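One structure is given here, and the rest of the page talks about it.
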Amino acid sequence: MLKPLDAAVRRPAIGRMAAFFAVAVGLGAGLNAYAADAAAGGEKAKAVCGACHGVDGNGVATFPDYPRLAGQHEEYLVQALKQYKSGARKNAVMAGMAQPLSVQDIENVAAWFASQTGPLKVIR
Ligand code: HEC
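For what it's worth, the working numbering labels the leading residue of the sequence shown as 47, then goes sequentially.
In structure tokens form, the structure reads like this:
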């Protein structure tokens, strides 16, 4: 008599696991739709940001006092750009740069600059 009970107990558990994985896979697909695309961010950096920050985020000789972005925390870069865009962080130059960026653009450029190497280090 243990066998049928065992099976009855296990089957719903398997069903729940299947449901869990279905949700997990669904979430994964959802996340991928918004995942940062560092290569696209690199294109944006080449076209726009590089003139002042360097395409690799290590600065340019023309503007030695402009901040280095290479190796900065990705979340920090996202936050800073969103704040320039909203006006929460005020800088006339960066307000103009951040305004046309979509949330996806912001995530892409942040992923690009965070993945570049330079003297800034993320301490883990
Ligand atoms: C015309 C020059 C110029 C261009 C082009 C430019 N920036 Fe900036 N950026 C600056 C200056 C100047 C600052 C410092 C502003 C401040 O003090 O808040 C800055 C600051 C930043 C910061 C904050 C850095 C920190 O350490 O807090 C980020 C992030 C940033 N820029 C990203 C970008 C991105 C991404 C682009 C391209 C879409 C871009 N910038 C294009 C001049 C520029």
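Yeah, the Cβ is synthetic: ideal placement off N, Cα and C, and Gly gets one too. This structure is a prediction, so every number in the text was calculated from the model and none was measured.
**OP:** Just mark Gln-145 as buried or exposed, buried being the case when its beta carbon has 16 or more other beta carbons within 10 Å.
**Re:** exposed
**OP:** Less than 8 Å between the CB atoms is what I'm expecting for Val-106 and Lys-92, so what's the real figure, rounded?
**Re:** With a Cβ gap of about 13 Å, Val-106 and Lys-92 do not count as contacting.
Subject >> Unbroken alpha helix (DSSP H) run spanning Tyr-130, endpoints >> reply: 120-132
Subject >> Asn-154 versus Ile-169: straight-line alpha-carbon distance, rounded >> reply: 22 Å
Original post:
Would the beta-carbon of His-119 be found less than 7 Å away from any heavy atom of the ligand HEC?
Top reply: no
Original post:
Ordered along the chain, which non-local residues of its own chain (more than five positions away) have a Cβ less than 6 Å from that of Leu-127?
Top reply: Ala-144 and Ile-152
**OP:** Compute the minimum distance between the beta carbon of Pro-171 and the heavy atoms of the ligand HEC, and state whether it is under 7 Å.
**Re:** In the structure as shown, the chain starts at 47 and stops at 170, and residue 171 therefore has no counterpart that could be examined.
Original post:
Would you call Lys-167 buried or exposed, if buried means 16 or more other Cβ atoms sit within 10 Å of its Cβ?
Top reply: exposed
Original post:
Looking only at C-alpha atoms, which of Ser-148, His-119, Ala-116 and Gly-117 sits nearest to Tyr-130?
Top reply: Ser-148
Original post:
How long is the line joining the alpha carbons of Gln-150 and Ala-116, rounded to whole angstroms?
Top reply: 19 Å
**OP:** Would you kindly work out how many angstroms separate the C-alpha atoms of Leu-123 and Pro-110, rounded to a whole number?
**Re:** 19 Å
**OP:** Indicate the three-state DSSP secondary structure (helix, strand or coil) for Ile-152 in the structure shown.
**Re:** helix
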